[in-house]
Structures are given as structure tokens and as C-alpha cells.
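For the sequence shown, the numbering used here begins at 3 and goes up steadily by one. By construction, the Cβ of each residue, glycine as well, lies at the ideal position given by its N, Cα and C atoms. Computed from a prediction, not measured in an experiment: that's the story for all the values here. See structure below.
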Amino acid sequence: MRHDLRRGALLIVSAGLIWQLMNALVKQLGTTIPVPELMFFRNLFSLPMVLLIASRGTITLRTRRFGGHVIRASTGLMAMSLSFLAVSVLPLAEQQVLGYTQPLFITILAIPFLGEQPDRRRWLAVLVGFLGVVTVALGQGGMGGGSAPGWAYAAAVTQGLISALTTLQIRQLSATESSSTITLWQAILMTAIMTCALPFVWVTPTWGQFGLLVLLGTLGGLAQVLQTEAFASAQVSALGPYTYCGLIWATIIGWTVFGDAPSLVMILGALLIVGAGLAILPGRPRPGPVAEPCAKPREAVAGE
3 MRHDLRRGAL LIVSAGLIWQ LMNALVKQLG TTIPVPELMF FRNLFSLPMV
53 LLIASRGTIT LRTRRFGGHV IRASTGLMAM SLSFLAVSVL PLAEQQVLGY
103 TQPLFITILA IPFLGEQPDR RRWLAVLVGF LGVVTVALGQ GGMGGGSAPG
153 WAYAAAVTQG LISALTTLQI RQLSATESSS TITLWQAILM TAIMTCALPF
203 VWVTPTWGQF GLLVLLGTLG GLAQVLQTEA FASAQVSALG PYTYCGLIWA
253 TIIGWTVFGD APSLVMILGA LLIVGAGLAI LPGRPRPGPV AEPCAKPREA
303 VAGE
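Right under this line is the structure:
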């Protein structure tokens with residue numbers, strides 16, 4: 003497939019919107035439905051979309067690294083639980099911007115995991131990014147009068163750390179496993195694990211809530227499809243800046259739906275974190291052929 007940045011950018015921006023619509027549902031439902039139950043429906047009803055992604059390549063569950071898939075699914079669930087916990091308490095924009103610490107943690111963790119040595123520019127970007135985290139957290143984001151508890155900010159940042167670990171695990175698995183195999187095992191194991199946890203936390207939803215839970219999972223799956231199509235259309239480094247449009251959607255939805263208006267403190271912290279993430283990105287590639295991955299993971303990371 004040829005490099006089509008316009009198509010890829012449109013898809014990644016659309017995926018960002020859908021992720022935030024899903025997060026809005028998590029925030030709305032999280033007041034009455036336990037987080038593990040939300041995670042169960044998120045994984046269950048995204049399975050059809052995951053199968054659609056996997057159908058881009060050869061679908062196979064044969065693996066030589068089942069233990070690696072279990073670890074990857076476990077860290078993915080940890081990131082998702084932290085994301086949902088943070089979303090249920092923090093304004094959407096604050097949770098989103100703190101989740102953007104993922105590339106900062108990847109830069110650090112790539113040293114022991116992959117043997118990479120960041121240059122001075124990237125180390126400076128990491129320091130600036132964490133300064134942005136301190137700005138948002140200590141300033142309490144200026145949203146909601148600083149009423150959000152400190153653990154919620156810690157959960158949002160820890161989500162970035164766990165998502166970084168998950169990304170590095172995927173890179174290691176991809177040395178021997180196909181993208182479709184990684185994607186399928188992730189979906190199956192995450193759904194199975196949450197099914198086992200469900201009896202201990204189950205709260206019977208109303209019919210209206212059940213419909214929203216189905217929509218939550220469907221939106222998560224649709225966002226995965228759009229994101230995968232985006233990374234199949236253009237090179238990852240070229241699309242990197244467009245992924246930060248999710249912060250715009252989070253701010254708009256948070257402000258209009260939940261009344262969380264952004265403050266100057268939050269905006270300053272966001273600029274530092276996003277600027278650091280952009281500085282860490284590799285240089286923009288020249289147009290050319292693009293490999294067709296079955297899935298380009300993001301903790302949806304979508305911790306999402």
C-alpha cells in the first residue's frame with residue numbers, strides 16, 4: 003500500500019474522536035457500574051471488530067509464546083483498569099494528557115528492554131514532559147476546583163507507564179508472532195480474564211445501561227479498526243502528531259458534556275507533555291510503500 007498521509011490522518015483523528023466518546027461513556031457509567039464490569043463489556047463487544055482487523059491477514063492462533071501473550075494481556079488489562087479509574091474521576095482532557103506520558107516512558111524503558119540509547123534531545127524531551135506532568139498534577143489541572151483526588155492523577159500517569167511496557171512487549175512478541183496472532187490472543191485472553199472476574203463484581207445494569215455498555219464496546223472496537231486502517235495507510239512517525247488531536251476531542255466533550263472547562267495551568271502542562279512527545283518522534287518519513295499491519299497497537303491503550 004502506498005503512503006497516503008491524508009487518509010491516514012483523517013482516520014487517526016476520527017479514531018481519536020471515537021476513543022473519547024467511549025471514555026465519555028465510561029465516565030457516565032462508572033458512577034454505578036464497577037470498572038471490571040465495564041472492562042468486560044469493553045472487551046466482549048469489541049471482539050467482532052478485532053476479528054475484522056485480524057481478517058486483514060492470515061488468521062491463526064498457533065503460537066510459540068503463549069506465556070508472552072498472557073503477560074501482554076495482563077498488562078493491557080492493568081492499563082485499561084487504570085485508564086477507566088482515572089476517567090471516572092478526572093476530567094477527560096486531564097486523563098488524556100497524562101496518558102500521553104506513554105512515549106516518555108517508552109524512551110526510558112527502551113534502554114533495558116531493547117538496548118536503545120536515547121540522545122540528548124530525547125532526554126531533554128523526557129524531562130520537559132515530566133515537568134508537564136508535575137504542572138498538571140500539582141496544579142490539579144484547574145478543573146473542578148482541584149477536587150479530584152491525588153490517586154486519580156497517579157492512576158493516569160501509571161497508565162502511561164503500563165501502556166509503555168505493553169508496547170515494548172508487543173515489539174518483542176512481533177519478532178516471532180504475526181500481528182493477527184497478537185491481536186487475537188489479546189482480545190481472547192482479556193475477555194476470558196474479565197469473564198472470570200465478573201461474578202465477584204457484577205451489578206445488574208438497567209436496559210438503558212446495557213445498551214450503553216454494548217455501545218461502549220462497539221465504539222472501542224470501531225476505534226481500533228480506524229486506528230489500524232490509519233497505520234496501514236501511512237507510516238507511524240508521520241501520523242504521530244495527529245494522535246494528539248485526541249486531546250482536542252477530550253477537551254470539547256469534557257467541556258460541553260461534563261462542564262470541565264480547561265484552565266491555563268492545564269493548558270500549560272498539556273503543551274509541555276505534547277511538545278515533549280512530538281520531540282521524541284522520529285523525523286517525518288518520505289512518502290513510499292507502507293507495510294500493511296494487521297493491527298497497530300495503542301493502549302487503548304487505548305488503556306482505552
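Review point. In three-state DSSP terms, what is residue 47?
Key: coil
Review point. Using the rule of at least 16 other Cβ atoms within 10 Å of the residue's Cβ for burial, across every protein chain shown, is residue 166 buried or exposed?
Key: buried
Check your understanding: Between residue 25 and the rest of its own chain, which residues show a CB-CB distance below 6 Å, the 5 nearest in sequence each way excluded?
Key -> 89 and 94
Exercise for review: Just the C-alpha distance for residue 181 and residue 56, rounded to the nearest angstrom, thanks.
Suggested key: 8 Å
Check your understanding: Curious, which full-length alpha helix (DSSP H) runs of at least 4 residues does the segment 252–289 contain?
Key -> For the segment 252–289, whole alpha helix (DSSP H) runs of length 4 or above, ordered along the chain, are 266–282.
Exercise for review: Would you please state the rounded distance, in angstroms, between the beta carbons of residue 191 and residue 98? I believe it to be under 8 Å.
Suggested key: Going by Cβ atoms, the distance from residue 191 to residue 98 rounds to 26 Å, so no, they are not a contact pair.
Point to revise | 4-residue-minimum alpha helix (DSSP H) runs that sit fully inside the segment 178–217, ordered along the chain | key: 181–203
Practice item. Report the residue from 92, 222 and 172 whose alpha carbon sits nearest the alpha carbon of residue 262. Key: The residue with the shortest Cα to Cα distance from residue 262 is 92.
Review point. Using a Cβ-Cβ cut-off of 8 Å (strictly less than) and excluding sequence neighbours within five positions of residue 195, which residues of its own chain qualify?
Key: 75, 76 and 79
Check your understanding: Is the segment 206–214 in contact with the segment 13–25, if contact means three or more CB pairs nearer than 8 Å?
Key -> Short answer: they don't touch.
Check your understanding: Helix, strand or coil: which one does DSSP assign to residue 164?
Key -> helix
Practice item. To the nearest angstrom, report how far apart residue 229 and residue 245 are at their CA atoms. Key: For residue 229 and residue 245, the gap between their C-alpha atoms comes out near 10 Å.
**Study point:** Backbone CA spacing between residue 103 and residue 239 [nearest angstrom]
**Key:** If you take the alpha carbons of residue 103 and residue 239, they lie about 17 Å apart.
Review point. Hey, out of 283, 232 and 218, whose CA is closest to residue 31's CA?
Key: 218
Exercise for review: Within the same chain, show all residues whose beta-carbon is closer than 6 Å to that of residue 154, passing over the 5 residues directly before and after it, in chain order.
Suggested key: 88, 91 and 92
Practice item. Confirm, please, whether the CB-CB distance from residue 161 to residue 81 is below 7 Å. Key: yes
Practice item. Under 6 Å Cβ to Cβ from residue 48, same chain only, skipping five residues before and after it: list those, please. Key: 219, 222 and 223
Practice item. Drop a sphere of 10 angstroms on the beta-carbon of residue 113, count the other beta-carbons inside from all chains shown, and report buried for 16 or more, exposed for fewer. Key: exposed
Practice item. Take residue 29 and list the residues in its own chain whose beta-carbon comes closer than 8 Å to its own, dropping the five residues that flank it on each side. Key: Result list for residue 29: 89, 90, 94 and 260, in chain order.
Check your understanding: DSSP state of residue 97, grouped into three classes?
Key -> helix
Point to revise | Short Cβ contact (7 Å threshold) for residue 150 with residue 52 | key: No.
**Study point:** Member of 129, 125, 135 and 168 whose CA lies at the smallest distance from the CA of residue 156
**Key:** 135
Check your understanding: Exposed or buried, which one is residue 177 when buried takes at least 16 other CB atoms within 10 Å?
Key -> Around the beta carbon of residue 177, fewer than 16 other beta carbons lie within 10 angstroms, which makes this residue exposed.
Point to revise | Residue burial classification, residue 1 (beta-carbon count within 10 angstroms, cutoff 16) | key: Residue 1 is absent from the structure shown; the chain starts at 3 and stops at 306.
Point to revise | Chain-order list of residues whose beta-carbon lies under 8 Å from that of residue 123 (same chain, five-residue window excluded) | key: 281
Exercise for review: Note the first and the last residue of the continuous alpha helix (DSSP H) segment covering residue 110.
Suggested key: Here the alpha helix (DSSP H) through residue 110 covers 104–116.
Check your understanding: For the alpha helix (DSSP H) that residue 77 lies in, which residues bound it at each end?
Key -> 68–91
Check your understanding: DSSP state of residue 244, grouped into three classes?
Key -> Helix, per DSSP.
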